[in-house]
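Numbering (our numbering), first residue to last: 0 to 188.
Here the structure comes first, spelled out in structure tokens, and everything after it is commentary.
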């Protein structure tokens, strides 16, 4: 059983606390002029998604939680169930819509995702950090319009809408950061 102390917290570290699995989102080592040092920690319950902030004594010890991240391919959805295929066994794993998170709106069929589970129960799906999607609808761009800070709404092939630069046309493939939902660049070819 691997233990971790609060002084070793880093972003993304997962640990067990009171029977719950927490992931460090942000942390700050605080050394006040008087009194003991502490680690101010913002952490997320990986099962419920709830974020809490707590201060720990740097010597506080926790059991490290090992989260499995398995690459699986998103296949299709049926109502609120989304099916992911295990690339080794070709087994289908149904995952409820409520576990997918906001960034899943950039995922299309046959895209690889990381399915995250803890002790066998799935708690989330991590899409690729960068995806390339086709713009299905947007007002046509204007020649010579290269203003970079001006954007317009565009609908992507997954049905989600984001802001893109004015020179993007329907049919263009664009690269998106799924963590922020931001347009990065137009893809060549």
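Cβ coordinates follow ideal geometry from the N, Cα and C atoms, glycine included.
Problem - For residue 83, the residue or residues it bridges with in DSSP - result: When beta bridges are read from the DSSP output, residue 83 appears opposite 73 and 92.
Handout entry: Exposed unless 16 or more other CB atoms sit within 10 angstroms - verdict on residue 75
Key = It counts as exposed.
Practice task
With a threshold of 16 other CB atoms inside 10 Å of the CB of residue 105, please say whether the residue is buried or exposed.
Solution key: Buried, by the Cβ-count rule.
Practice task
Using a threshold of 9 Å, state whether the C-beta atoms of residue 117 and residue 46 are closer than that.
Solution key: In this structure, residue 46 lies closer than 9 Å to residue 117 by Cβ.
Problem - Proximity of residue 163 and residue 137 at Cβ, strictly below 9 Å - result: Going by C-beta atoms, residue 163 is nearer than 9 Å to residue 137.
Practice task
Compute the distance between the beta-carbons of residue 72 and residue 109, then report whether it is under 9 Å.
Solution key: It is a contact, given that the beta carbons lie within the stated cut-off.
Exercise for the section: Please classify residue 102: is it buried, with 16 or more other beta-carbons within 10 angstroms of its beta-carbon, or exposed? Expected result: Residue 102 should be labelled buried.
Practice task
Select from 133, 33 and 65 the residue whose C-alpha is nearest the C-alpha of residue 119.
Solution key: Per the C-alpha coordinates, the member of 133, 33 and 65 positioned closest to residue 119 is 65.
Exercise for the section: Spell out a yes or no on whether the region 30 to 44 and the region 89 to 102 are touching, meaning 3 or more CB-CB pairs, one atom from each, closer than 8 Å. Expected result: Taking 8 Å as the limit for Cβ pairs, the verdict is that the region 89 to 102 does not touch the region 30 to 44.
Handout entry: Boundaries of the beta strand (DSSP E) in which residue 186 is found, first to last residue
Key = Careful: residue 186 lies outside any beta strand (DSSP E) and carries neither H nor E.
Practice task
Please classify residue 23: is it buried, with 16 or more other beta-carbons within 10 angstroms of its beta-carbon, or exposed?
Solution key: It counts as buried.
Practice task
Take the Cβ of residue 112 as the centre, count every other Cβ of all protein chains shown within 10 Å, and call the residue buried at 16 or more, exposed below.
Solution key: Buried, since its Cβ has 16 or more Cβ neighbours within 10 Å.
Handout entry: Bridge-paired residues (DSSP) for residue 26
Key = Residue 26 is bridged to 40.
Problem - Cβ-based burial, residue 130 [other Cβ within 10 Å; buried from 16] - result: With 16 or more other Cβ atoms within 10 Å, it is buried.
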